[in-house]
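Undergrad:
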Amino acid sequence: MGTAPGTEPATSPVRRLVLLRHAKAEPPSELPDEQRPLALRGRDQAVKVGAALAEAGLVPDAVVVSGAVRTRQTWDLARKHLGEPPVVYTDDLLGAMPRGVLAIVREVAPEARTVLVVGHEPAMAGTAELLAGPGSADDAIAQVRVGVPTATYSVLEAELAWSDWDRRQARLLTVTRPAS
33 MGTAPGTEPA
43 TSPVRRLVLL
53 RHAKAEPPSE
63 LPDEQRPLAL
73 RGRDQAVKVG
83 AALAEAGLVP
93 DAVVVSGAVR
103 TRQTWDLARK
113 HLGEPPVVYT
123 DDLLGAMPRG
133 VLAIVREVAP
143 EARTVLVVGH
153 EPAMAGTAEL
163 LAGPGSADDA
173 IAQVRVGVPT
183 ATYSVLEAEL
193 AWSDWDRRQA
203 RLLTVTRPAS
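Take any residue in the sequence shown, count from 1 to its spot, add 32: that is its number in the numbering used here.
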């Protein structure tokens, strides 16, 4: 009998990357884009995403969050179910392309086994598509090719150190939207 996803012993070579698009934000207004807060619906989504990640055994060892208000709020609400892992907030995720997200992932502490990145579209889906290689789920690949809705996460895994992750070297296991 195997272990539940996300619960391998620390000696396991498997690393999981969870790419989460922030929850639903308020529509654009006179505020700069990076200052848009979550909508009420987004607050509910963020709590549900945190619960879904915990239930799936995807409790992160490290978290990287975009500096935008909506991504910070998404993490603040989701983490109620996910403990207090080390968190890095970075403006480098604002407007990042998939290769930029990958560069950030490559800098994650090597002892982290499950890493959560809370960012934006199209970078979250684009990064999942960039990394998805042999063994990936066809339906998940089809979803990331068209983009992901708010509060949706993709799960990838590989038996590589974070510094070695690259194009088509991970398995895209699933794309999940726990709350609409």
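Glycine is no exception: its CB is placed at the ideal position from the N, C-alpha and C atoms.
Report the rounded CA-to-CA distance for residue 178 versus residue 163, giving the unit in angstroms.
TA: Taking the straight line joining both Cα atoms gives about 15 angstroms.
Undergrad: Return the chain-ordered list of same chain residues with a C-beta closer than 8 angstroms to the C-beta of residue 46, the five sequence neighbours on each side being excluded.
TA: Within the same chain, residue 46 has close Cβ partners 40, 145, 189, 190 and 191.
Undergrad: Pick from 81, 115, 127 and 79: whose alpha carbon is nearest that of residue 66?
TA: Selected option, being the one with the closest Cα: 127.
Undergrad: Could you check whether residue 138 and residue 90 sit closer than 9 angstroms to each other, using their CB atoms as the reference points?
TA: No.
Undergrad: Go to residue 101, then tell me how far its beta strand (DSSP E) extends in each direction, as first and last residue.
TA: Careful: residue 101 lies outside any beta strand (DSSP E), inside the alpha helix (DSSP H) at 101 to 110.
Undergrad: So for residue 51, helix, strand or coil by DSSP?
TA: Strand at residue 51.
Undergrad: Taking the alpha-carbon of residue 203 as reference, which of 180, 182, 173 and 181 has the nearest alpha-carbon?
TA: Ranking the options by Cα distance to residue 203, first place goes to 173.
Undergrad: Distance check for residue 157 and residue 180, CA to CA, integer angstroms please.
TA: Answer to the nearest angstrom: the Cα atoms are 6 angstroms apart.
Undergrad: For the candidate residues 93, 168, 152 and 50, whose alpha-carbon lies nearest to that of residue 99?
TA: The option with the nearest alpha carbon to residue 99 is 152.
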